[in-house]
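Novice:
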Amino acid sequence: MNARSDNGVVLTVDPIACRAHGLCAEELPEGISLDEWGYPILPSRPLSRKLLRRAKSAAAACPVLALRVSRSRG
Amino acid sequence: MNATVLWYSSRAVGVVSLVLFTAVVVLGIATAGRASSTAFPRAAVLRLHRALSIAATAFIAVHIATAILDSYVNISYWDIVVPFGSSFDPFWIGLGAVAIDLLIAIGITSAFRRRLSLRAWRAVHLSAYAMWPIALIHGFGVSGGDGQQRWMIALDIVCIAAVLGALAFRLRPDRHPDTIARRWDDATDRPRVSVGASS
Amino acid sequence: MNASSLSTASTAGQNLSAHPDSTSGPIGVARLLPPARITLWPEHQRYYGPVLPTSAPSLADLVRASGLRGRGGAGFPTATKIDAVASGGGRPRGAVVVANCCEGDPTARKDRVLITRAPHLVIDGALVAASAVGADRVVFAVHQGSRSGSTLRAALAERGAAATAVSVVEVPHRFVASEASALVRFLNTGDARPLGRLAPVWESGVDGRPTLVDNAETLAQLALIARFGERWFRSVGSPEEPGTALVTVGGAVPRPGVVEIGTGTTIRTILAAAGASPTGWALIGGLAGRWVDLAVIATTRFTTADLAAAGAVRGVGSIIVLPTNGCLLTETARVLHHLADSGARQCGPCIFGLPAIAADMSALAAGDRMALTRLRRRLPTIDRRGACAHPDGAVAVAASALTVLGGPESSHLRQHLSHHGCRAAAPVVPLGVVNPTRAVSR
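Chains as they are written, first to last, in my numbering: chain A, 1 to 74; chain B, 75 to 273; chain C, 274 to 715.
1. Is the beta carbon of C/Arg382 less than 8 Å from the beta carbon of C/Val531?
2. Starting from A/Glu26, trace the alpha helix (DSSP H) in both directions and tell me its first and last residue.
3. Go ahead and pull the three-state DSSP assignment for A/Leu67.
4. My parser needs the alpha helix (DSSP H) runs of 4 or more residues fully inside the segment 608-659 of chain C; what are they?
5. Just confirm the distance between the C-beta atoms of C/Ala450 and C/Ala465, as a whole number of angstroms; I'd bet it's less than 8 Å.
6. If the criterion is Cβ atoms closer than 8 Å, does the pair C/Val411 and C/Leu394 meet it?
7. Is it buried or exposed, B/Leu192, if we count other Cβ atoms within 10 angstroms and call 16 or more buried?
8. In chain C, what lies closer than 7 Å to A/Ile32 by C-beta?
9. Give me the Cα-Cα distance between B/Arg257 and B/Arg264, rounded to the nearest whole angstrom.
10. Tell me the residue span of the beta strand (DSSP E) that contains C/Val324.
11. For a quick check, are the C-beta atoms of C/Ile534 and C/Ala518 less than 8 Å apart?
12. What is the rounded straight-line gap between the Cα of C/Leu387 and the Cα of C/Trp475?
13. Cutting at 8 Å between CB atoms, please list the residues of its own chain near B/Tyr146, excluding the five before and the five after it.
14. Quick one: residues in its chain with C-beta nearer than 7 Å to the C-beta of C/His579, no 5 flanking neighbours on either side, listed in chain order?
15. What in chain B is Cβ-close to A/Ala55, meaning under 9 Å?
16. In three-state DSSP terms, what is C/Val412?
17. Taking the continuous beta strand (DSSP E) assigned at C/Glu443, which residues delimit it?
18. Using a Cβ-Cβ cutoff of 9 Å, what residues of the segment 247-259 of chain B are near chain C? List them in chain order.
19. Please state the DSSP three-state secondary structure of C/Ser451.
20. Counting contacts by CB-CB distance shorter than 8 Å, is B/Pro164 in contact with chain A?
21. Against chain C, with Cβ distances strictly below 8 Å, would A/Pro15 count as a contact?
22. Do C/Arg500 and C/Val324 have their beta-carbon atoms positioned less than 8 Å apart in this structure?
23. Taking DSSP as the reference, what is the three-state secondary structure of C/Glu604?
24. Under the assumption that C/Leu556 contacts C/Thr380 (Cβ atoms under 8 Å), give the Cβ distance between them as a whole number of angstroms.
25. Can you give the Cα-Cα distance for C/Ala472 and A/Glu26, rounded to whole angstroms?
26. Which residues in chain B sit within 8 Å of A/Pro63, going by Cβ to Cβ distance?
27. Please state whether DSSP places B/Ile174 in a helix, a strand or coil.
28. Write down the C-beta distance between A/Ser70 and A/Val13 rounded to the nearest angstrom, noting that I regard them as a contact closer than 8 Å.
29. Rounded to a whole number of angstroms, what is the C-alpha to C-alpha distance between C/Asp294 and C/Pro308?
30. With H, G and I counted as helix, E and B as strand and the rest as coil, what does DSSP make of C/Trp564?
31. Show which residues of chain B have a CB atom less than 8 Å away from the CB atom of C/Ile655.
32. Determine the closest residue to A/Arg53 out of A/Ile16, A/Cys18, A/Leu28, with distance taken between C-alpha atoms.
33. DSSP on A/Ile32, reduced to helix/strand/coil?
34. Does DSSP put B/Ile231 in a helix, in a strand, or in coil?
35. Taking its Cβ as the centre, do 16 or more other Cβ atoms sit within 10 Å of B/Leu238, making it buried, or is it exposed?
36. Less than 8 Å between the C-beta atoms of C/Ala455 and C/Phe413, yes or no?
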């Protein structure tokens, strides 16, 4: 448990909307990888808040807006 | 400012805008069509599409500003967005105004993309397929045929060829596994295709 | 199908009731299921007694004090659901109660037995739930062409007009079609596919109104609680999960059927009611349940917590016993192929992941050593990546198969790997109706 409470970055995907375009993984390879069928595997724990801007790029890059970014006290 | 300089600037910047918007349309079609290469990943294609659209909009703003500011022809601010009311070249300027209206709608909906439904955003965005040819035709016919010089026509043909090429790519049958797997047969209330080896 | 009661198994026989005007409630575990079918309403009222009108807040308190948990598979506390729906959304639009009588899991037969034997009890429960949440509409969801539908319609017709609008609605015969959010979506749009884990049907469900979706057996229990009170309800069964429960025992047993048990009864006792002894493999909890070695789990009590601690799951309350020469691998492969075909086709990891692990399980049964590696790699990546729990169930049953196989029975797996199969009996795990209009692959 961090002594400083950090605003972690939480990624969620709407699996019904996702069409395996894969742009999210290109924008944020540190956080998102693709499974063998091209669908995103998201981290189970919040990411470092340094990645917030890149995470927002990843969400903006999704052609079907399936990826959402939110902040949590991590 | 010398009226002639403004007038020539407007036309030149207009030509550049057309080229930029052609690139924007081609890149947009490529994104939707899942075009990708190792050199140019899809996210890069999308970023370029968005960056160029902003640049092209800036050029259009200059194109409009110089056209209005110059005293050679009488175009009012109103004529930017209300078509066919200009005292100079009402029809051809009007086409430009229609294109601008569509561009404004596309720009605003894209800026607020996250707050709209995907369907609403896409419906407006698809009007780019109308905006681009209208802009091209506006350039062709405006101001008494300046756009009908040989080199201008050659440029138009190149732009049209680029967009048609992109469309040919886009209209090829969608064989992505996700698209195929999701097809549902409403008649039998079953998926159309069986995925994987079924026993 | 036999329905019998384990009347001697547990109970202290305390039948005190806090309910003001009631006579003592039924003693023992013969609560839900009468000894013979009761389809006529007057007969039903004579057998169970009347439901006395109670105000909504008292009903909610009654359910909370009784500790009733859902009997549809999730085991969610019923009072929590009732509270959420009763306070969800804003008035004046009333809430909606959906009685899930579909029984989508083919290993379970308890709901159809309950509805056949005591349809009016389920109806009573739905109406009690309606007054508890302030609903003016009740829907009984059944699969297309099922007998439960006609039984319920006949029972409702007998009762005549009610204050609430009551209807029986037929739902497409698909495994995921009776998932709670899928039911709500079907009632709204005709599309019977799940909406997603976070669809708040308790706030905005049918017609955008707060909706309570409860299993038929849960509602029947509710009907009894409303008559006899929470102390009566708690007088049988284990304290942390009180009351009785319906369990389906099937597969290779002498007397397959549905038994009513006090919760907390051991698996050995349940199997004994079906004439079986606790040996060999069994699938507990449904197609999305867990494989167990009955010898290991014989003394485990049939409660949500105890089963989970033993590596099993309560699920839809079914136990399918394999014959002594049954093959867990072949059965699992068969189940996985069925689950892969039964998905709603909405989420990539499920659309592609389930057929992949089904193929891997078949390959493992055929002796492919690499299939085990593939399974171990794939199972964690598919888990919890769909909009509903369908892929999670498939992953869980596959993982439990590998766990159980890898234990003392690992000799069986070795036989598959060296001999590319085993001499197994015909499969016994029921898969339900296989849609005759199967899709053609391109």
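Each residue gets a CB set at the ideal place from its N, CA and C atoms; glycine is no exception.
Specialist: Once the coordinates are examined:
1. With a cutoff of 8 Å on beta-carbon distance, C/Arg382 and C/Val531 are scored as near each other.
2. Taken as a continuous stretch (DSSP letters only), the alpha helix (DSSP H) holding A/Glu26 covers 23-27.
3. Three-state result, A/Leu67: strand.
4. Counting only runs of 4 or more residues that sit fully inside the segment 608-659 of chain C, the alpha helix (DSSP H) segments are 621-638, 642-655, in chain order.
5. 4 Å between Cβ atoms; contact.
6. C/Leu394 is positioned such that its CB atom lies no closer than 8 Å to that of C/Val411.
7. Counting Cβ neighbours within 10 Å, B/Leu192 comes out exposed, since fewer than 16 surround it.
8. Residues of chain C whose Cβ lies closer than 7 Å to the Cβ of A/Ile32 do not exist, since the nearest Cβ in that chain is about 13 Å away.
9. So the alpha carbons of these two residues sit roughly 9 Å apart.
10. Counting along the chain, C/Val324 falls outside any beta strand (DSSP E), and DSSP gives it neither H nor E.
11. Cβ atoms of C/Ile534 and C/Ala518: closer than 8 Å.
12. A straight-line Cα-Cα distance of about 26 Å links C/Leu387 and C/Trp475.
13. These residues qualify, in order along the chain: Ala77, Thr78, Leu80, Trp81.
14. The sequence shown places Asp at residue 579 of chain C, not His. Excluding residues within five positions, the ones whose Cβ falls inside 7 Å are Thr573.
15. Think of a sphere of 9 Å around the beta carbon of A/Ala55: no beta carbon from chain B falls inside it, the nearest being about 13 Å out.
16. It is a strand residue.
17. Note, C/Glu443: beta strand (DSSP E), 438-444.
18. Considering only beta carbons, the part of the segment 247-259 of chain B lying closer than 9 Å to chain C consists of Pro251, Asp252, Ile254, Ala255, Arg256, Arg257, Trp258, Asp259, in chain order.
19. DSSP places C/Ser451 in helix when its eight states are reduced to three.
20. Residue-level contact by beta carbon fails for B/Pro164 and chain A, as no gap is shorter than 8 Å.
21. With respect to chain C, the C-beta atom of A/Pro15 has a partner C-beta closer than 8 Å.
22. Yes, the Cβ-Cβ distance between C/Val324 and C/Arg500 is below 8 Å.
23. Assigned with DSSP and collapsed to three states, C/Glu604 falls in helix.
24. Contact flag correct, Cβ pair sits at about 7 Å.
25. Linking C/Ala472 to A/Glu26 through their CA atoms gives a straight-line distance of about 30 Å.
26. Listed along the chain, the chain B residues whose CB falls inside 8 Å of the CB of A/Pro63 are Thr105, Ala106, Leu120.
27. Three-state DSSP puts B/Ile174 in a helix.
28. The beta-carbon separation of A/Ser70 and A/Val13, rounded to 12 Å, does not stay under the 8 Å limit for a contact.
29. Residue placement at C/Asp294 is poorly supported in this model, since its pLDDT is 36, which falls under 50; the coordinates still yield a value, given next. Going by the C-alpha atoms only, they are around 25 Å apart.
30. It is a strand residue.
31. Result: empty, since nearest Cβ-Cβ is about 13 Å, beyond 8 Å.
32. Proximity to A/Arg53 across A/Ile16, A/Cys18, A/Leu28 peaks at A/Leu28, based on C-alpha coordinates.
33. A/Ile32: coil per DSSP, three-state reduction.
34. Looking at B/Ile231 - three-state DSSP - the assignment turns out to be helix.
35. Taking every protein chain shown into account, the CB of B/Leu238 has fewer than 16 other CB atoms within 10 angstroms, so this residue is exposed.
36. Cβ distance not < 8 Å, so C/Ala455 and C/Phe413 don't count as in contact.
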